[in-house]
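Here the sequence shown is numbered in my numbering, starting from 72 and rising by one per residue.
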Amino acid sequence: MNERTGMNNSELSEQEIIRRQSLDELRTLGIEPYPAARYEVNAWSADIKESFRDDAERRQVSIAGRIMGRRIMGKASFIELMDSKGRIQVYITRDDICPGENKDLYNTLFKKLTDIGDFIGITGYVFRTKTGEISVHAETMTFLSKSLKPLPVVKVKDGVTYDKFSDPEMRYRQRYVDLLVNDDVKDIFVKRTRIFDAMRNFFNERGYLEVDTPVLQNIPGGAAARPFITHMNALDIDLYLRIANELYLKRLIVGGFEGVYEFSRNFRNEGMDRTHNPEFTVMEIYVAYKDYRWMMEFTEQMLEQVALQVLGTTKVQVGDHEIDFKAPYRRVTMIEAIREHTGIDISGMDEKELRSVCRELGVEEDETMGKGKLIDEIFGEKAEGNYIQPTFIIDYPIEMSPLCKRHRENPELTERFELMVNGKELANAYSELNDPIDQRERFEEQLRLSEKGDDEAMFIDQDFLRALEYGMPPTSGMGIGMDRLAMLLTGQTSIQEVLLFPMMRPEKTVKKDPLSRYIEAGIPEEWAVLIQKAGYMKVKSLSELNPNKLHQEICGLNKKFKLGLNNPTPEEVKRWAEHAASL
72 MNERTGMNNS
82 ELSEQEIIRR
92 QSLDELRTLG
102 IEPYPAARYE
112 VNAWSADIKE
122 SFRDDAERRQ
132 VSIAGRIMGR
142 RIMGKASFIE
152 LMDSKGRIQV
162 YITRDDICPG
172 ENKDLYNTLF
182 KKLTDIGDFI
192 GITGYVFRTK
202 TGEISVHAET
212 MTFLSKSLKP
222 LPVVKVKDGV
232 TYDKFSDPEM
242 RYRQRYVDLL
252 VNDDVKDIFV
262 KRTRIFDAMR
272 NFFNERGYLE
282 VDTPVLQNIP
292 GGAAARPFIT
302 HMNALDIDLY
312 LRIANELYLK
322 RLIVGGFEGV
332 YEFSRNFRNE
342 GMDRTHNPEF
352 TVMEIYVAYK
362 DYRWMMEFTE
372 QMLEQVALQV
382 LGTTKVQVGD
392 HEIDFKAPYR
402 RVTMIEAIRE
412 HTGIDISGMD
422 EKELRSVCRE
432 LGVEEDETMG
442 KGKLIDEIFG
452 EKAEGNYIQP
462 TFIIDYPIEM
472 SPLCKRHREN
482 PELTERFELM
492 VNGKELANAY
502 SELNDPIDQR
512 ERFEEQLRLS
522 EKGDDEAMFI
532 DQDFLRALEY
542 GMPPTSGMGI
552 GMDRLAMLLT
562 GQTSIQEVLL
572 FPMMRPEKTV
582 KKDPLSRYIE
592 AGIPEEWAVL
602 IQKAGYMKVK
612 SLSELNPNKL
622 HQEICGLNKK
632 FKLGLNNPTP
642 EEVKRWAEHA
652 ASL
């Protein structure tokens with residue numbers, strides 16, 4: 072057992088053991104492997120390469136980063152150092168970093184105790200090697216942090232990557248490793264942040280105010296979705312994690328703000344797939360004295376500008392499709408979209424007729440669904456996936472939109488649009504309902520759906536109704552899925568690729584007997600640990616083994632991990648197996 076780490080060597084790989092031994096040797100030499108003092112950095116890899124001129128005066132730099140590769144050649148070596156902006160080659164010679172008689176810094180620290188993955192600081196000057204590579208000639212080296220786990224070795228030759236760290240589950244669980252060894256991953260998340268920045272600038276330039284609203288809510292309002300429930304001990308009440316921030320933002324419009332927006336972290340206790348994560352980010356904006364027609368123009372102008380600022384173009388390749396965010400976008404009514412892709416005109420149909428259409432089209436339906444849900448299922452199954460280029464689907468049936476204003480020309484419809492891109496909804500917007508009596512009736516209809524068994528029907532928010540009764544001006548609101556927008560603008564087809572730490576199932580752990588069970592079989596604890604290291608996690612499994620094979624395996628591990636244990640005899644191991652069989 073390593074007393075400092077609290078880990079038995081048998082639990083570690085050979086590389087991990089060697090690195091821990093190097094850690095101890097560093098301390099023996101009086102070198103702190105995790106120093107507290109700051110290290111002054113004044114240059115970064117990308118900037119050094121960009122600004123270098125062969126005829127310029129020699130530039131002194133101080134850089135720091137992680138060692139990602141090295142070539143040791145006697146008294147001189149090259150390393151590849153990675154910082155936050157990229158990678159740069161560093162040339163290190165023994166006599167430059169050890170100008171005196173003592174050469175331990177190079178011969179011992181650098182050559183023997185430093186590994187790929189360690190952090191070091193380098194001061195020196197920038198130069199171009201004989202092969203033309205801009206590099207840093209090291210004059211001093213400072214050890215900054217020891218890496219105890221070896222990184223995956225990803226090799227690139229002639230533009231081809233070998234041994235890539237590409238297993239999706241490993242990448243998402245260990246995103247920190249993914250970011251280190253897959254250079255393109257970091258670029259995705261840099262672009263994601265720039266998307267937020269570009270959108271925020273677009274709103275701020277027009278005088279709209281960014282706000283924060285509660286994540287813990289008494290009523291999960293603002294959307295039709297299944298919420299997560301938690302409990303607040305201080306008040307002894309159940310609360311819901313936010314499914315939408317809509318109702319709070321509209322309260323602020325009642326309170327006198329003309330335009331407010333929020334980048335909202337929302338939570339919905341629903342399924343997970345390539346385009347859905349239970350925890351996700353939405354931007355919602357509400358502007359007084361506007362309608363959904365104005366909001367369509369506002370949305371397409373905003374997305375065109377965001378694409379230009381982030382990508383330098385309005386076009387992006389997503390899978391097999393090139394998508395162009397240049398405004399204006401096509402407008403298609405919900406009824407037209409369904410008719411276009413099914414040949415059926417559902418306008419004026421009642422619930423019974425819609426169920427008949429579902430059966431005719433092979434769309435799954437059940438008794439809990441009302442008219443709105445049935446129409447939504449038909450559109451989702453038969454029409455939605457066909458809209459690859461940005462398209463506004465407009466004028467939804469009233470049953471689908473309990474928070475939306477009735478259409479000014481057809482009271483059976485609402486003034487609503489959804490923006491479809493690459494076959495999925497990207498944005499959703501309304502001319503907001505500001506009639507408190509109409510709103511109460513819509514909420515009551517949602518309550519009836521809930522009583523029928525629709526667990527995604529909206530709750531009645533009495534405080535929001537009270538706010539509306541004080542009066543809300545004509546308002547348009549729009550919500551846009553930021554994760555899906557990031558997917559589109561970075562050319563990704565899975566939401567997990569644009570979330571730094573996506574939701575994952577708990578890691579599977581191998582079930583094993585406690586060490587006490589092995590001790591019951593007469594096996595000393597130190598050998599029980601090695602037996603489990605050899606892969607025999609259950610005591611009963613020993614009874615099915617050839618004792619000689621087990622003896623060879625555990626004695627081999629004792630030697631490999633340099634544990635120094637006295638090896639048992641084959642007869643002792645045989646007795647362990649016999650006792651295991653009797654348990």
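Cβ coordinates follow ideal geometry from the N, Cα and C atoms, glycine included.
Could you spell out where the beta strand (DSSP E) holding residue i opens and where it closes?
i, result
"Ile594", "Note, Ile594: premise wrong, no beta strand (DSSP E); not H, not E."
"Glu551", "In the sequence as presented, Glu is not what sits at residue 551; that position holds Ile. Element bounds for Ile551: Thr546 to Gly552."
"Asp395", "His392 to Asp395"
"Glu210", "Ile205 to Ser216"
Identify whether residue i lies in helix, strand or coil by the three-state DSSP scheme.
i, result
"Leu312", "strand"
"Lys630", "helix"
"Gly562", "coil"
"His478", "coil"
"Lys579", "coil"
"Leu425", "helix"
"Met270", "helix"
"Ile459", "coil"
"Lys645", "helix"
"Tyr607", "coil"
"Asn337", "strand"
"Phe181", "helix"
"Thr76", "Note on Thr76: pLDDT 46, under 50, position unreliable in the model; the coordinate value appears next. Three-state DSSP puts Thr76 in coil, outside helix and strand."
"Arg109", "coil"
"Thr413", "helix"
"Tyr162", "strand"
"Met420", "coil"
"Tyr589", "helix"
Using the beta-carbon count (16 or more within 10 Å), is residue i buried or exposed?
i, result
"Arg322", "buried"
"Met471", "buried"
"Gly635", "exposed"
"Thr284", "buried"
"Ala648", "buried"
"Val610", "buried"
"Leu83", "buried"
"Met405", "buried"
"Thr384", "exposed"
"Ala333", "Note that residue 333 is Glu in the sequence shown, not Ala. By the neighbour-count rule (16 or more Cβ atoms within 10 Å), Glu333 is buried."
"Leu320", "buried"
"Pro639", "buried"
"Tyr360", "exposed"
At which residues does the alpha helix (DSSP H) containing residue i begin and terminate?
i, result
"Glu375", "Tyr363 to Leu382"
"Asp186", "Neither: Asp186 is in no alpha helix (DSSP H) and is coded neither H nor E."
"Gln533", "Gln533 to Glu540"
"Phe450", "Lys442 to Lys453"
"Tyr357", "From DSSP, Tyr357 is part of no alpha helix (DSSP H) but of the beta strand (DSSP E) over Glu350 to Ala359."
"Lys321", "Glu317 to Val325"
"Arg142", "Run containing Arg142: none in the alpha helix (DSSP H); it sits in the beta strand (DSSP E), Gln131 to Met144."
From the beta carbon of residue i, is the nearest beta carbon of chain C less than 9 Å away?
i, result
"Thr164", "Of the protein chains in the structure, only one exists, and it is not chain C."
Cβ atoms of residue j and residue i: under 9 Å apart, would you say?
i, j, result
"Glu87", "Leu176", "no"
"Ile290", "Asp466", "no"
"Leu180", "Ile102", "yes"
"Tyr110", "Ala135", "yes"
"Leu94", "Lys201", "no"
"Ala295", "Pro473", "yes"
"Ser148", "Arg141", "yes"
"Met549", "Glu355", "yes"
"Phe530", "Glu489", "no"
"Pro311", "Leu280", "Residue identity differs from the one stated: residue 311 is Tyr in this sequence, not Pro. Their beta carbons are not under 9 Å apart, which means Tyr311 does not touch Leu280 by this criterion."
"Gly195", "Thr213", "no"
"Ile168", "Gln160", "no"
"Ile602", "Ile625", "yes"
"Met543", "Glu503", "yes"
"Val428", "Met440", "no"
"Leu306", "Leu556", "no"
Identify, in the order they occur along the chain, each residue of the same chain with its Cβ nearer than 6 Å to the Cβ of residue i, setting aside the five sequence neighbours on each side.
i, result
"Asp254", "none"
"Gly77", "A caution first: Gly77 carries a pLDDT of 46, below 50, which makes its placement in the model unreliable, though a value can still be read off. Cβ within range, chain order: n/a, list empty."
"Val644", "Pro618, Leu621 and His622"
"Thr301", "Leu310"
"Lys262", "Val381 and Thr561"
For residue i, which residues from the same chain have a beta carbon less than 7 Å from its beta carbon, with the 5 sequence-adjacent residues on both sides left out?
i, result
"Lys633", "none"
"Asn493", "Val389, His392, Ile394, Ile459 and Leu559"
"Leu318", "Gly292, Gly293, Asp532 and Phe535"
"Glu436", "Arg426, Cys429, Leu445 and Glu448"
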